[in-house]
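Protein sequence lines, in the order shown, are assigned to chains A and B. Numbered by our numbering, the letters in the first sequence go through residues 166 to 425 in order. Numbered by our numbering, the letters in the second sequence go through residues 166 to 425 in order. So the structure is just underneath, and the comments pick up after that.
2 protein chains.
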Amino acid sequence: MRITIIGSGNVATHLAAAFKNAGHHIVQVYSRDMQNAALLAYHVKAEPINNLTEISSETDLFIIAVKDSAIGPVAEQLTPYKKLMAHTSGATDLYALSAFSDEFGVFYPLQTFSKIQAVDFRNVPLCIEGANEEIASILQQLAQTISNKVYLVDSAQRKVLHLAAVFANNFPNYLYTIAQQILAKHDLDFDLLRPIILETAQKVQENLPAPMQTGPAIRNDEVTMNNHQQLLKDEPALQQLYTLLSQDIIKLDNTEKGNR
Amino acid sequence: MRITIIGSGNVATHLAAAFKNAGHHIVQVYSRDMQNAALLAYHVKAEPINNLTEISSETDLFIIAVKDSAIGPVAEQLTPYKKLMAHTSGATDLYALSAFSDEFGVFYPLQTFSKIQAVDFRNVPLCIEGANEEIASILQQLAQTISNKVYLVDSAQRKVLHLAAVFANNFPNYLYTIAQQILAKHDLDFDLLRPIILETAQKVQENLPAPMQTGPAIRNDEVTMNNHQQLLKDEPALQQLYTLLSQDIIKLDNTEKGNR
Numbered sequence: 166m167r168i169t170i171i172g173s174g175n176v177a178t179h180l181a182a183a184f185k186n187a188g189h190h191i192v193q194v195y196s197r198d199m200q201n202a203a204l205l206a207y208h209v210k211a212e213p214i215n216n217l218t219e220i221s222s223e224t225d226l227f228i229i230a231v232k233d234s235a236i237g238p239v240a241e242q243l244t245p246y247k248k249l250m251a252h253t254s255g256a257t258d259l260y261a262l263s264a265f266s267d268e269f270g271v272f273y274p275l276q277t278f279s280k281i282q283a284v285d286f287r288n289v290p291l292c293i294e295g296a297n298e299e300i301a302s303i304l305q306q307l308a309q310t311i312s313n314k315v316y317l318v319d320s321a322q323r324k325v326l327h328l329a330a331v332f333a334n335n336f337p338n339y340l341y342t343i344a345q346q347i348l349a350k351h352d353l354d355f356d357l358l359r360p361i362i363l364e365t366a367q368k369v370q371e372n373l374p375a376p377m378q379t380g381p382a383i384r385n386d387e388v389t390m391n392n393h394q395q396l397l398k399d400e401p402a403l404q405q406l407y408t409l410l411s412q413d414i415i416k417l418d419n420t421e422k423g424n425r
Numbered sequence: 166m167r168i169t170i171i172g173s174g175n176v177a178t179h180l181a182a183a184f185k186n187a188g189h190h191i192v193q194v195y196s197r198d199m200q201n202a203a204l205l206a207y208h209v210k211a212e213p214i215n216n217l218t219e220i221s222s223e224t225d226l227f228i229i230a231v232k233d234s235a236i237g238p239v240a241e242q243l244t245p246y247k248k249l250m251a252h253t254s255g256a257t258d259l260y261a262l263s264a265f266s267d268e269f270g271v272f273y274p275l276q277t278f279s280k281i282q283a284v285d286f287r288n289v290p291l292c293i294e295g296a297n298e299e300i301a302s303i304l305q306q307l308a309q310t311i312s313n314k315v316y317l318v319d320s321a322q323r324k325v326l327h328l329a330a331v332f333a334n335n336f337p338n339y340l341y342t343i344a345q346q347i348l349a350k351h352d353l354d355f356d357l358l359r360p361i362i363l364e365t366a367q368k369v370q371e372n373l374p375a376p377m378q379t380g381p382a383i384r385n386d387e388v389t390m391n392n393h394q395q396l397l398k399d400e401p402a403l404q405q406l407y408t409l410l411s412q413d414i415i416k417l418d419n420t421e422k423g424n425r
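Below you can see the structure in the form of structure tokens.
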């Protein structure tokens, strides 16, 4: 397929590379910042542009990988080309594009990307939605060229997924930060925790998380929880978080308690 | 070394196997439950016992891998043997053993274990403490036979580590449970989130977590956060947790914000 990439952030970068690797032709890369456009365009052998008036009509698909609030304004400028367009946002409705084209869809990769870390795209879940069945089918076939995990997901489901991903990705990463800060305060190296962080994530690759729950809260080990609260006595915000999470874990249904 | 394992839980099981694999002789495995003792003893070619009066004195080290509240009562019964003893608890002081032996230490593996999942022990951080330098050295050398990550950690530091591990392991696993429950409520498969969970943990293997933070809170994306609150409107406990974690992430120092 001939694909135009709108955006040069993490999602745009990883998607463009995956498309290119699968043999698709990346026509242009657009970014407001010419340097960013040029850097990504160079990697995927595309033309860099920083002005949407320079868009080539020799393309089959606009991938709109910009921040949520820019999706509408960008799509509006792509209207004259009358091409298939898809946004990549977990939080944005399919119909955010309906005013700007008759052919629109969603191409949402459910993964966290950073420019410094390569991702095996074959394992990235791609959540596809189309304005009609034909579009869904086109996007689904495109998705299957870069990933083994392609799902048809409607806008309501995708918003739920996006919320769940905040609990599964953003919040755990913040808890890692808390742990790292606790260690740093006591001159302990974060290396000590890296293996347990990885193992915790690996455990739920084959199992559900509830039966994997361990720790003082699931055992209702009040002595240890009180000792932890004591260690946090100068950190009221962390004490509050510790209490809230522990109370919720204690309430986990007994039937969900497994080995610990 | 000749090692006697007191306990048959997850820590006892994985430690005994690692010692055995490294060529040590497991003399006996003790558990109150003879079936549990027999199962582990069979795997490490040891004698199973379920009565501490049957302890053999032909050993060099008692590894006390029982729940925290049982460490004292068990150690008391091992006093007559006058052998080196070490507990494996992150939350328990070294001196919990001082009344029961002149030779005592701590052998704390900073990892989460489950009986159903094998662990590469060479990557498990082992936190060692001894009542004196000689004992620390003996336990350190033993630790090095099973792990490449051996640390000398005193009781105060170990308690901090144990607290940090709750934030890095127990609480993230609970957040995975919340995410799984949100998906299940909307008939979505947890498989959709497994890759992002693993990637989030892998990202911090080489990087610190704060610069890896992504999501609506670090962007202060109020539209998305309000939409998420709306999706959680029937779940006041989750709303509270979402608000608390998001507010803390928003407060993350600007200098710690990296790519997102």
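For each residue, glycine too, the CB sits at the ideal point set by N, CA and C. As the structure is a computational prediction, the values presented were derived from the model and not from experiment.
Take B:H393, set aside five residues on each side of it, and the residues of its chain with a beta-carbon closer than 8 Å to its own are P381 and Y407, in chain order. DSSP places A:L317 in the uninterrupted beta strand (DSSP E) bounded by V315 to L317. Under the Cβ criterion of 7 Å, B:E298 is not counted among the residues facing chain A. Annotated three-state conformation of A:F227 is strand, per DSSP. The beta-carbon of B:P274 is placed no less than 7 Å from the nearest beta-carbon of chain A. The way I'd put it, the region 254-264 of chain B does touch the region 229-246 of chain B; three or more beta-carbon pairs between them come closer than 8 Å. Within the same chain, P274, Q276 and S312 come within 6 Å of A:V289 by CB-CB distance, once the 5 residues on both sides are set aside.
Counting C-beta pairs closer than 8 Å gives fewer than three between the region 299-308 of chain B and the region 190-197 of chain B, which falls short of the contact rule. Within its own chain, the residues whose Cβ lies closer than 6 Å to the Cβ of B:G172, once the five positions on either side in sequence are excluded, are A230 and V231, listed in chain order. In this structure A:T169 touches A:L226 by the C-beta definition: roughly 7 Å separates them, less than 8 Å. Unbroken beta strand (DSSP E) stretches of 3 residues or longer found wholly inside the region 296-347 of chain A: 315-317, given in chain order. A:P374: member of the alpha helix (DSSP H) spanning P374 to M377, first to last residue. In the DSSP assignment, B:Y273 falls within the unbroken beta strand (DSSP E) covering F269 to P274. Between the region 205-220 of chain B and the region 309-328 of chain B there are fewer than three C-beta pairs closer than 8 Å, too few to call the two in contact. Distance between B:Q395 and A:L205, taken at the CA atoms: about 37 Å. Within chain A, the residues placing a beta-carbon under 8 Å from that of B:L409 are Q405, L406 and L409, ordered along the chain. Listed in chain order, the positions of the region 217-244 of chain A with a beta carbon within less than 9 Å of a beta carbon of chain B are K232, D233 and S234. Per the coordinates, the alpha-carbon of B:T342 lies some 29 Å from the alpha-carbon of A:D399.
Chain B has a Cβ within less than 7 Å of the Cβ of A:N335.
Within chain A, the C-beta atoms nearer than 7 Å to that of B:H393 come from L328 and V331, in chain order.
Taking B:I281 as reference, the option from B:A402, B:P374 and B:V176 with the minimal CA-CA separation is B:V176.
Annotation: B:I228 to B:M250 spans about 6 Å, alpha carbon to alpha carbon. According to the DSSP secondary-structure assignment, A:I191 is paired through a beta bridge with A:I168. In this model, A:L262 and A:T244 are separated by some 10 Å (Cα to Cα).
Rounded to the nearest whole angstrom, the CA to CA distance from B:A296 to B:Q309 is 19 Å. Using a Cβ-Cβ cut-off of 7 Å, A:H351 counts as an interface residue toward chain B, since at least one Cβ of chain B sits closer than that to its own. Rounded to whole angstroms, A:N201 and B:I362 show a C-alpha spacing of 29 Å.
The beta carbon of B:L417 lies closer than 6 Å to none in the same chain, with the five residues before and after it left out. In this model, A:S320 and A:E268 are separated by some 16 Å (Cα to Cα). Annotation: B:I383 is outside any alpha helix (DSSP H) and is labelled neither H nor E by DSSP.
Look at B:P360: its C-beta is under 7 Å from a C-beta on chain A.
B:I414: member of the alpha helix (DSSP H) spanning P401 to K416, first to last residue. In the three-state scheme derived from DSSP, where H, G and I count as helix and E and B as strand, A:P213 is classed as strand.
B:Y207 counts as exposed, since fewer than 16 other C-beta atoms from the protein chains shown sit within 10 angstroms of its C-beta.
Only K314 and Y316 from the region 299-317 of chain A bring a Cβ to less than 8 Å from some Cβ of chain B. DSSP, read as helix, strand or coil, puts A:L249 in strand.
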